[in-house]
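Residue 152 is where the sequence shown starts when you use the working numbering, and the numbers rise one by one after that.
Beta carbons are placed, not taken as given, at the ideal position from N, Cα and C, and that holds for glycine.
To start, the structure under review is shown below, and the notes come after it.
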Amino acid sequence: MSKRKLKDSPMPIGECISQVQTLLRERLCHQQLPQRPEGVDSQHKHLMELLKRTAVHGESNSVLIIGPRGTGKTQLLRCVLAELLAEEDVDKTLLQVHLNGLLQTDDRIALKEITRQLSLENVVGDQVFGSFAENLAFLLEALKKGDRSSSRPVLFILDEFDLFAHHKNQTLLYNLLDVSQSAQTPVAVVGLTCRLMAILCRVSVNNPTIKPADLLDASRLLSADAMTNVLHGLSILELCLVIAMKHLNDIYDGEPFNLQMVYNEFKRFLQRKSNSLYNFELPVVMKAFEHLQQLEVVRPVDAAAAVAARAQREYQLVRLMLDHSQIMEALQKYPQCPTDVKQWAASAFG
């Protein structure tokens, strides 16, 4: 059997299950992780740059990794750390503190865990501190070896970051973030969370709230008909021509028509009126009709024939690009639309 046939031959189901179990066991026990998670190259690069600035150049930073559970936040961080610690001298200088909001349920427990992981129990001893900030500052000061350039950088990893935001006064978060912005020991604070809103509500006092009215307005904008909006800006004459074309559509069952037919239908409406408010001559009506063509409210049936017959524009066949519902909706929203025009539009066949 050739290698190609051997490669394409199906694997026995028992062997498939065994390989899947082995892979899951290695992943769950962290024995074998991928070199890099798929699809997060830009995030991997960004996180590596931030942590490298702290570990190599002594620059403090803070970053929040946000995403639903199971999307690979922790895996991404572990892969970045593995690459970072593989660099020369980083493994010997970078200190790591891992905290979890499920385990360190208040700031006092978190501070004890920080002391333990930094191996500073003997340094702290029985000293009494006036505040959390003073205690944390003492711990970081104890890590210094002379000036700032020789201070060992510290990486704080806060898993379930949103739970730390629920601590009373959020002392741990405020002090860690203050240190990361100050010129003290180089510190990087990395938070991992799947709850963005819980963080935003506590990180900033400015919390834009989307109200139901905002959603309704946005929904109206999305569902608004562009052609209906065009009708709102028409003159009364242009609106009357649209209504005349609507009636022609109803009479001739959607067949094309020309300007002369529209003008005749418009004159039928005028004959029922005693006043001359809408009494426009044909050249004025033709100008309004051309404007409707520019707005694509009406379109020529044959564009080539329309160009050839430009001398007799009133006889060019066109189609109305609006349906009955669009016209009636526009009339309802038209500012100060005359009552007789609305009644004409609602009447059957003009």
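Original post:
Hey, out of Leu215, Leu179 and Ala395, whose CA is closest to serine 514's CA?
Top reply: Lying before the first or after the last residue shown, residue 514 is absent from the chain, which here runs from 152 to 501.
Subject >> Selection from Thr344, Leu343 and Phe307 that minimises the alpha carbon distance to asparagine 326 >> reply: The sequence position of residue 326 within the sequence shown is 175, counting from 1. With distances taken between Cα atoms, asparagine 326 lies closest to Phe307.
Original post:
Ordered along the chain, which non-local residues of its own chain (more than five positions away) have a Cβ less than 7 Å from that of arginine 220?
Top reply: As a working note, residue 220 is residue 69 in the sequence shown. Result list for arginine 220: Cys345, in chain order.
Original post:
Between Met199, Ser211 and Gln226, which lies nearest to glutamate 238 when the distance is taken from Cα to Cα?
Top reply: The sequence position of residue 238 within the sequence shown is 87, counting from 1. With distances taken between Cα atoms, glutamate 238 lies closest to Met199.
Original post:
Just the Cα atoms here: how many angstroms apart are lysine 438 and serine 370?
Top reply: On the sequence shown, position 287 is the one that residue 438 refers to. On the sequence shown, position 219 is the one that residue 370 refers to. Computed Cα separation, rounded: 36 Å.
Original post:
With respect to the alpha helix (DSSP H) encompassing valine 241, which residues constitute its N-terminal and C-terminal limits?
Top reply: Indexing the sequence shown from 1 puts residue 241 at position 90. From DSSP, the alpha helix (DSSP H) with valine 241 extends over 241-244.
Subject >> Residues near threonine 244 in its chain [Cβ-Cβ closer than 8 Å; skip 5 each side] >> reply: Sequence index remark: in the sequence shown, residue 244 carries index 93 (1-based). Cβ within range, chain order: Ala206, Arg303 and Pro304.
Original post:
Leaving out five residues before and five after isoleucine 265 in sequence, what residues of the same chain have Cβ atoms less than 7 Å from its Cβ?
Top reply: The residue labelled residue 265 in the question sits at position 114 within the sequence shown. If we look at isoleucine 265 and ignore the five residues flanking it on each side, its Cβ neighbours are Val248 and Leu290.
Original post:
Excluding sequence positions up to five away, which residues of its chain have a Cβ less than 7 Å from the Cβ of threonine 379?
Top reply: Taking the first residue of the sequence shown as position 1, residue 379 is located at position 228. The residues are Gln477, Glu480 and Ala481.
Original post:
Just to confirm, are phenylalanine 312 and leucine 175 a CB contact at a threshold of 9 Å?
Top reply: Taking the sequence shown and counting its residues from 1, the one referred to as residue 312 is at position 161. Taking the sequence shown and counting its residues from 1, the one referred to as residue 175 is at position 24. No, the Cβ-Cβ distance between phenylalanine 312 and leucine 175 is not below 9 Å.
**OP:** Indicate the three-state DSSP secondary structure (helix, strand or coil) for proline 278 in the structure shown.
**Re:** The sequence position of residue 278 within the sequence shown is 127, counting from 1. According to the sequence displayed, residue 278 carries glutamine and not proline. Coil, per DSSP.
Original post:
Considering only residues of the same chain and omitting the five flanking positions on each side of glutamate 447, which have a CB-CB separation below 7 Å?
Top reply: As a working note, residue 447 is residue 296 in the sequence shown. Same-chain partners within the cutoff: Met472.
**OP:** Excluding the 5 residues preceding and the 5 following asparagine 286 in the sequence, name in chain order all residues of the same chain whose CB lies nearer than 7 Å to its CB.
**Re:** Translated into positions along the sequence shown, residue 286 becomes position 135. Taken in chain order, the residues that qualify are Leu262 and Phe280.
Subject >> Residues bridged to leucine 309 (per DSSP) >> reply: If you number the sequence shown from 1, residue 309 lands on position 158. Answer by DSSP bridge pairing, in chain order: Leu250 and Gly342.
**OP:** Could you pull out every unbroken beta strand (DSSP E) segment of at least 3 residues lying fully inside the segment 177-221, listed in chain order?
**Re:** 212-217
Subject >> C-beta atoms of leucine 399 and leucine 390 nearer than 9 Å >> reply: Here residue 399 corresponds to residue number 248 of the sequence shown, with the count starting at 1. Here residue 390 corresponds to residue number 239 of the sequence shown, with the count starting at 1. It is not a contact, given that the beta carbons lie outside the stated cut-off.
Original post:
Between valine 341 and leucine 228, is the Cβ-Cβ spacing less than 9 Å?
Top reply: Position 190 of the sequence shown, counting from 1, holds the residue named residue 341. Position 77 of the sequence shown, counting from 1, holds the residue named residue 228. Their beta carbons are under 9 Å apart, which means valine 341 touches leucine 228 by this criterion.
Subject >> Cβ-based neighbour list, valine 274, same chain, cut-off 6 Å, excluding 5 preceding and 5 following >> reply: Along the sequence shown, read from residue 1 onward, the residue named residue 274 stands at position 123. For valine 274, where only same-chain residues beyond five positions count, the Cβ hits under 6 Å are Ala293.
Original post:
Quick one: what's valine 469 bridged to in DSSP?
Top reply: Residue numbering aside, residue 469 sits at position 318 when the sequence shown is read from its first letter. Phe408 and Pro451, per the DSSP bridge assignment.
Original post:
For threonine 173, which of helix, strand or coil comes out of DSSP?
Top reply: Reading the sequence shown from its first residue, position 22 is the one you call residue 173. Three-state result, threonine 173: helix.
Original post:
Can you tell me whether leucine 314 is buried or exposed, with buried defined as 16 or more other CB within 10 angstroms of its CB?
Top reply: Locating residue 314 in the sequence shown gives position 163, counting from the first residue. So leucine 314 ends up on the buried side.
Original post:
Between Val393, Gly223, Lys203 and Thr322, which lies nearest to threonine 257 when the distance is taken from Cα to Cα?
Top reply: As a working note, residue 257 is residue 106 in the sequence shown. Checking the sequence shown, residue 257 turns out to be aspartate, not threonine. Ranking Val393, Gly223, Lys203 and Thr322 by Cα distance to aspartate 257 puts Thr322 first.
**OP:** Just mark leucine 385 as buried or exposed, buried being the case when its beta carbon has 16 or more other beta carbons within 10 Å.
**Re:** Position 234 of the sequence shown, counted from the start, is the residue given in the question as residue 385. It counts as buried.
Original post:
By Cβ distance, which residues of its chain are closer than 7 Å to asparagine 357, with the 5 residues on each side in sequence left out?
Top reply: For the purposes of this step, residue 357 is identified with residue 206 of the sequence shown, where counting begins at 1. Residue placement at asparagine 357 cannot be trusted, given a pLDDT of 42 that sits under 50; what the coordinates show is reported in the next sentence. Result list for asparagine 357: empty, nothing under 7 Å.
**OP:** With threonine 490 as the anchor, note down where its alpha helix (DSSP H) starts and where it stops.
**Re:** Locating residue 490 in the sequence shown gives position 339, counting from the first residue. Note, threonine 490: alpha helix (DSSP H), 490-497.
**OP:** Ignore the nearest five residues each way along the sequence and tell me which others in glutamine 445's own chain have a CB closer than 8 Å to its CB.
**Re:** To locate residue 445, count along the sequence shown from 1; it is residue 294. Once the five neighbours on either side are set aside, glutamine 445 has no close Cβ partner at all.
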